[in-house]
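To keep things clear, I will list the structure first and then write my remarks on it.
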Amino acid sequence: MTNHWVDIRNADLIIAMGGNPAEAHPVGFRWVMEAREHNDARLVVVDPRFNRTAAVADYYAEIRTGTDIAFLGGLIHYLIESGRFQRDYVLAYTDASLVVREDFGFEDGLFTGYDADNGEYEMDTWQYEYDEDGHALRDPTLEHPRCVFQLMRQHYSRYTIDVVSSVCGTPREKIQRVWDMAAETAAPDRTMTFLYALGWTQHSIGSQIIRTAAIVQLLLGNMGLRGGGVNALRGHSNIQGLTDLGLLSDLLPGYLSLPSEDEQDYEEYILERARPPLVAEEVSYWRHYERFHVSLMKAWYGDAATEANDWCYDWLPKLGEDLYDILHTFERMHHGEINGYLCQGFNPLAAFPHKAKSTAALSRLRFLVVIDPLRTETAEFWKNHGEYNDVDPATIDTEVFRLPTTAFAEEDGTIVNSSRWLQWFWRAAPPPGEALPDTAILAGIFLRLQRLYQEEGGAFPDPILNLHWPYRRPEEPSPEELAREYNGWALEDVFDEDRNLVVRAGEQIEDFGFLRADGSTACGCWIFAGCWTEAGNQMIRRDNSDPYGTGQTLGWAWSWPANRRILYNRASARPDGTPWAANKAVVWWNGQRWVGNDVPDFPVESAPGGNQGPFIMNQTGRGQLFARDRMKEGPFPEHYEPFETPIADNPLHPDNPLAKHNPGARVFEQDRENFGTFEEFPHAATSYRLTEHFHYWTMHNRLNAIAQPEKFVEIGEALAEELGIAKGDRVRVSSKRGHIDAVAVVTKRIRPLQVAGQTIHQVGIPLHWGYLGETKKSHLTNTLTPSVGDANTQTPEYKSFLVRVDKL
Amino acid sequence: MRGEQINLQNVIARSASQVPSPQERTGGIDRVTKLIDVSRCIGCKACQVACAEWNDLRDEVGNNVGEYDNPLDLSPNTWQVMRFDEYENEQGNLEWLIRKDNCMHCAEPGCLEACPAPGAIVQYANGIVDFNSEHCIGCGYCVTGCPFDVPRISEVDGKSYKCTLCSDRVFHGLEPACVKSCPTGSIMFGTRDDMLDLAETRTDFLRSRGYDNAGVYNPEGVDGTHVIYVLQHADKPQIYSDLPEDPTISPMVSAWKGVTKPLASAAIGLAALTGFLHYVTAGPKEYSEEDEQAVRDDEARQRERESGEAQDNREERP
Amino acid sequence: MSLAKSDPYLRRYSLGERLNHWLVAISFVLLVLSGLPFFHPFFWSLTGLFGGPTMTRILHPWIGLFMVLMFAIMAVRFFKESLIRRHDIQWLKQIDDVLANRDEKLPPVGKNNAGQKLVYWIMLGCIILLLITGVMIWQPLVGEAMPITLRRLASMGHAYLAFLAIITLIIHIYSGIWVKGSFQAMVRGRVSKAWARHHHDLWYEEEMEKERKHREISRRHDHSEQETP
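Protein chains in written order, with numbering that gives the first Met the number 0: chain A, 0 to 807; chain B, 0 to 317; chain C, 0 to 228.
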């Protein structure tokens with residue numbers, strides 16, 4: 000979240016789109032209710048289903064799954080053409096005025112530079128025009144035909160309300176109503192928040208949907224203000240912590256990134272990432288990349304990391320692919336290229352798309368280690384569970400090991416929530432039986448590997464032998480030790496630019512500003528610097544006081560970065576340093592420094608009036624309407640159909656098959672063959688979670704099982720009537736990749752849509768229930784889903800696919 | 000973990016009891032009320048689970064019958080359920096009405112009225128109506144007494160069960176478990192006056208959002224309830240899974256309980272007494288000497304006739 | 000040959016009838032004792048007779064079933080003699096004379112008087128309805144399956160019917176005490192002829208007639224034996 004849970008109460012308009020917060024985040028949803036009650040806010044839901052959030056919403060609009068870019072692109076068009084955007088904000092705080100290269104273009108659904116053979120873009124043209132200092136050209140009048148604003152205006156000019164209605168299936172009047180409500184928040188004293196979750200991310204165009212929302216928020220001047228922002232509601236309780244700590248295949252902790260195989264040179268690696276400002280005087284905070292990187296390497300390798308060996312740069316793995324994501328990994332496993340798998344905190348058989356492929360892939364492994372507190376379907380992928388897992392164990396040679404680990408309530412530690420708060424918690428009960436914390440299991444594996452390398456040698460032993468392992472009990476590093484390491488400490492005395500001693504050797508650092516690139520500091524995750532200082536554990540703080548009445552509660556737990564609660568909060572003030580509106584103020588200039596109810600996201604002594612923009616992590620200092628070369632499928636979000644779409648063409652580009660689906664998406668050959676067509680599978684399906692369950696865990700819990708005992712699918716009344724299905728009937732839902740059986744919930748809450756001149760029915764499929772646990776046995780929903788991901792993140796397209804429904 | 004459930008010192012009304020329970024010591028005891036604002040409910044069932052957790056209830060794992068409701072109904076092990084209704088309003092807009100269904104804790108409890116077991120159902124000074132399972136005999140009369148169809152009889156122990164409004168928690172100054180768990184503030188708890196006041200505030204809010212018929216459900220027929228609803232459509236409570244429009248203790252129950260029973264009991268005693276007095280005044284009904292004489296005469300006559308006949312017979316012999 | 004000495008008694012109830020009656024009577028009393036506590040808390044302590052309140056609740060319907068079975072047999076046995084005749088109406092009209100023991104003014108009475116017949120019919124009606132209503136509220140076997148309105152109706156009906164039956168029972172028992180000799184009649188099965196003549200003169204006549212015929216037949220029989228050398 001750019002803002003945080005409590006801050007939702009400051010919003011005037013809440014749009015729940017691509018998420019169902021009442022269903023999936025009922026506890027945080029209280030702040031939505033707060034906003035409605037105490038801030039006279041309106042709640043709008045745009046979703047394929049009239050869901051639990053819609054049950055308490057002020058307005059609901061239906062939409063075809065996977066068409067959010069069209070809906071929001073139309074909103075951009077409407078805001079620009081009606082002039083209902085916050086012009087001062089856009090001019091000062093976005094890149095609207097920057098001028099784009101002349102050879103950049105967009106034609107027939109494709110941006111310049113498309114390589115149809117490889118399905119990839121050359122992104123050279125997706126750049127601003129720069130002067131000799133490397134600074135982008137600007138046109139403060141926004142009239143230049145190639146300024147970002149005009150290009151964007153032109154790009155979205157095609158997204159008229161009729162086109163949007165035809166693509167999304169949303170009735171015109173409903174679209175207009177939602178757009179009007181959003182447009183009202185262009186006023187400086189009104190803000191809108193977007194609450195989204197997997198309903199946006201799990202599409203082949205997921206990242207671009209979120210970018211479209213960000214563009215809308217920039218146009219409306221809603222970024223950095225109370226009650227604004229683009230707010231991702233994270234699904235697992237610590238999934239934010241997972242990304243923060245770099246558990247994705249291409250990341251290092253703190254959103255530092257692993258080098259690719261072309262980046263064998265340390266200097267080049269740093270130069271590529273330590274980004275200089277593209278507009279004069281901008282902060283461009285990633286300039287300090289090396290400080291974070293070197294401190295990380297000092298934390299990992301201790302004395303072994305020296306300037307002479309480029310801080311052990313050679314020991315870092317270099318990526319041969321953009322991402323070693325789950326789809327990629329299972330594709331390789333499927334081809335026999337991976338034959339051992341340590342599966343920790345994951346239930347891929349149930350959670351990954353196209354179960355048949357997952358089963359085939361796991362069956363080719365020599366060994367599978369499952370580290371989990373529960374019995375998982377993955378650990379029993381080889382076991383025949385009748386029709387629900389119809390495999391022949393005799394043909395599967397995979398040896399499976401199960402290592403029982405602790406559940407979240409059985410260990411101390413910290414969880415990072417969607418608000419980026421690190422909240423320390425204490426275990427509620429000791430773990431049962433032989434269960435060990437994950438850290439102990441990993442430490443055990445590591446120490447055994449290290450011993451084997453020591454005793455028997457082996458290829459490239461250095462990173463293993465030299466790993467810094469300073470823990471009191473090497474076999475089980477404590478959460479406290481790890482937290483202190485993430486915060487970082489000084490290895491030598493640290494001095495500021497004026498040679499004043501600011502941190503003594505051995506002391507915990509106060510924030511990442513004290514990190515150095517000379518090896519004098521160690522820090523396991525730079526954005527966490529400040530969580531465990533010399534004053535102790537900041538994450539255990541539970542001071543709920545709120546002196547400004549803004550909900551920031553700076554004394555409650557600790558929020559990265561630097562205990563800042565609202566990102567980009569400099570944007571809550573005008574360029575002259577005064578708040579846009581008193582009721583939305585976060586920080587302001589008091590004549591000497593930036594002060595306010597939050598930690599300023601800006602150099603605190605940098606006076607207004609200079610050139611520095613509020614988006615200090617961006618090279619332009621500005622909100623990026625134009626994504627330059629950072630997105631695989633283009634600098635402006637464009638609507639592309641899901642890989643399984645119920646209509647024949649992309650209505651925006653009916654004549655260009657290359658622009659039917661995301662042209663930047665990676666599709667494996669076999670997966671492409673497994674896409675179904677709407678002739679055979681006519682209904683658009685979407686999968687989702689229910690409040691009563693958490694993924695596949697709570698199937699094991701009696702109370703959750705009681706609350707929602709059996710697999711069901713949701714079918715609109717019109718489709719049910721067409722198919723002769725009554726409430727409670729058993730139905731078979733099939734896709735090209737398999738079928739599931741479930742009970743039909745026939746509902747008024749899913750309506751047929753008029754899309755591109757035809758009637759489209761949507762089918763809702765909760766993903767819960769499997770063949771283990773206390774609930775009724777069932778097929779796994781991901782039997783149905785297609786194996787294709789978002790072009791940037793490779794998050795699978797669980798939210799849009801095609802099915803057929805038959806009454807059993 | 001549960002606390003001590005039945006607190007006998009605070010009982011103000013008790014089933015099947017002729018003499019009043021303690022009515023003094025009421026100073027400082029406010030009646031409590033649970034306010035359920037249906038318009039804020041997202042149907043997450045946290046309250047349902049919290050109820051089961053606190054009260055140590057584990058129902059059977061059921062089936063899906065084509066709706067979100069589960070468990071489908073109250074049971075001895077499910078003291079509250081969420082009921083979902085898809086309702087198309089006058090403007091043709093869809094509303095998903097989700098009502099938490101549980102004991103209403105009536106000011107005039109039909110269950111307590113109907114119960115024949117002394118002390119099996121009690122009402123505390125704070126208004127909570129509680130079942131004392133120790134005294135319950137499992138006759139099911141509470142079921143017939145309840146206008147809201149709440150109590151359920153266990154097949155295991157034959158006793159009746161229902162929501163206690165977490166009386167054990169409330170005695171220790173805590174809110175009921177469902178209230179504690181509600182993420183949206185749809186369930187609130189406090190003194191009756193405060194909750195009625197809050198309900199009005201909530202109703203005003205709903206009216207300001209276009210629900211002209213928003214209102215409070217606190218039915219007069221049972222002298223008000225200690226669980227009240229804020230409804231978007233208070234004029235049509237039946238659209239909320241058949242919430243009764245004007246619940247009262249069934250006249251059949253009143254006709255059978257109420258004054259009838261003491262009167263009938265007295266009548267039984269009186270009948271016996273009347274018999275006795277009749278005996279004293281009219282005396283026993285006996286046959287008389289006359290009857291004996293008449294019988295003797297009859298028999299004598301008979302004998303005569305018989306002997307005569309015998310004589311004749313002999314004489315007739317040749 | 001000797002003239003048979005006349006029997007001063009008439010047999011009013013056979014052994015089977017008496018056993019039947021007393022089984023009904025005992026189970027009925029048990030039902031009253033186990034039912035009254037649920038009727039009114041005044042009688043709650045009666046549950047102590049049955050092993051506590053819950054046990055009383057459990058036993059009551061089973062005793063009821065037994066009673067119904069016994070009563071059914073009895074009802075069949077007594078059906079014919081309980082049919083209401085014209086003279087019964089007259090008897091009822093003169094209930095004042097009955098109560099005031101002015102028996103001489105009463106019309107002739109058969110084996111049962113109109114009061115006894117009324118007891119039969121009231122009990123028959125009550126017990127059929129008590130059975131139906133009782134089954135409807137039988138916990139836990141049936142009650143839960145019944146629609147709530149029916150259960151309410153049945154609960155109310157069961158109580159009212161029981162009240163009616165108890166009042167009838169009290170009258171019945173009192174009549175047994177009041178009318179001297181009737182208790183003995185049901186215990187020993189016989190009544191004095193005088194008693195019969197007084198209270199049930201038509202029946203007395205019938206019985207005397209039967210006795211006469213009986214003797215006639217036996218005498219003839221004796222004769223023929225004597226005549227057969």
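The beta-carbon is built from N, C-alpha and C at its ideal position, and this holds for glycine as well.
Going along the chain, which unbroken runs of the beta strand (DSSP E) with 3 or more residues stay wholly within the stretch 199–254 of chain B? 214–216, 226–230
So the candidates are A/W285, A/P352, A/S256; which of them puts its Cα closest to the Cα of A/P316? A/S256
Can you tell me which of B/V258, B/R304, B/N131, B/P115 puts its alpha carbon nearest to the alpha carbon of C/F42? B/P115
What do you reckon, are the CB atoms on B/A106 and B/V221 nearer than 8 Å? yes
By Cβ distance below 7 Å, which residues in the same chain neighbour A/N596 in space, the five residues on each side in sequence not counted? Y547, T549, Q551, V585
Burial state of A/R450, where buried means 16 or more other Cβ atoms lie within 10 Å: exposed
Under the three-state DSSP convention, the category B/I120 falls into: strand
So for C/L149, helix, strand or coil by DSSP? helix
Cβ neighbours of B/R98 in the same chain (closer than 6 Å, five flanking residues each side left out): V37, R82, Y239, S240
Exposed unless 16 or more other CB atoms sit within 10 angstroms - verdict on B/H171: exposed
Between B/P261 and chain C, is there a C-beta pair that is closer than 8 Å? yes
Whole beta strand (DSSP E) runs in the stretch 279–322 of chain A with 3 or more residues, listed along the chain? none
Using a Cβ-Cβ cut-off of 8 Å, state whether B/W95 counts as contacting chain A. yes
Roughly how many angstroms lie between the CA atoms of A/Y288 and A/R272, to the nearest whole one? 7 Å
Sequence-distant residues of the same chain with beta carbon closer than 6 Å to A/F511, five excluded per side: W525, A528
Determine the DSSP secondary structure at B/R1, reduced to helix, strand or coil. Because B/R1 carries a pLDDT of 46, less than 50, the predicted location of this residue cannot be relied on, and the following value inherits that uncertainty. Three-state DSSP puts B/R1 in coil, outside helix and strand.
Is there a Cβ of chain B sitting closer than 8 Å to that of C/E208, yes or no? no
What is the rounded straight-line gap between the Cα of B/G27 and the Cα of B/L111? 25 Å
Of the listed residues B/R13, B/P250, B/C177, nearest to B/H134 (C-alpha basis): B/R13
Taking B/S74 as the query, report the chain C residues whose CB atoms sit under 9 Å from its CB, ordered along the chain. Going along chain C, no residue has its Cβ under 9 Å from B/S74, so there is no contact; the nearest lies around 11 Å.
Can you tell me where the alpha helix (DSSP H) with C/T55 in it begins and where it stops? 52–76
Check for me: the beta strand (DSSP E) holding A/E672 runs from which residue to which? Here A/E672 belongs to no beta strand (DSSP E); instead the alpha helix (DSSP H) covers 668–672.
Is DSSP giving B/C165 helix, strand or coil here? coil
Which residue from A/H694, A/L218, A/R627 puts its Cα closest to that of A/L74? A/L218
Residues of chain B with CB closer than 7 Å to the CB of A/G727, please, in chain order. V64, G65
Can you give the Cα-Cα distance for A/R290 and A/L514, rounded to whole angstroms? 6 Å
Under the rule that 16 or more other beta-carbon atoms within 10 Å means buried, what is B/N9, buried or exposed? buried
Starting from A/R41, trace the beta strand (DSSP E) in both directions and tell me its first and last residue. 41–46
Taking 8 Å as the threshold (beta carbon to beta carbon), is C/D87 in contact with chain B? no
Take the Cβ of A/R51 as the centre, count every other Cβ of all protein chains shown within 10 Å, and call the residue buried at 16 or more, exposed below. buried
Tell me, to the nearest whole angstrom, how far the beta carbon of C/R150 is from that of B/T143; I am working on the premise that it is less than 8 Å. 5 Å
With distance defined between alpha-carbon atoms, name the residue in A/G620, A/R688, A/I414, A/R48 nearest to A/A279. A/G620
Neighbour flag for B/R39 against chain A, beta carbons, 8 Å: yes
In the DSSP output, what is A/Y127 paired with across the bridge? A/V99
Quick one: does A/I705 have its CB under 8 Å from some CB of chain B? yes
Within the continuous beta strand (DSSP E) that includes A/F711, where are the two ends? 711–715
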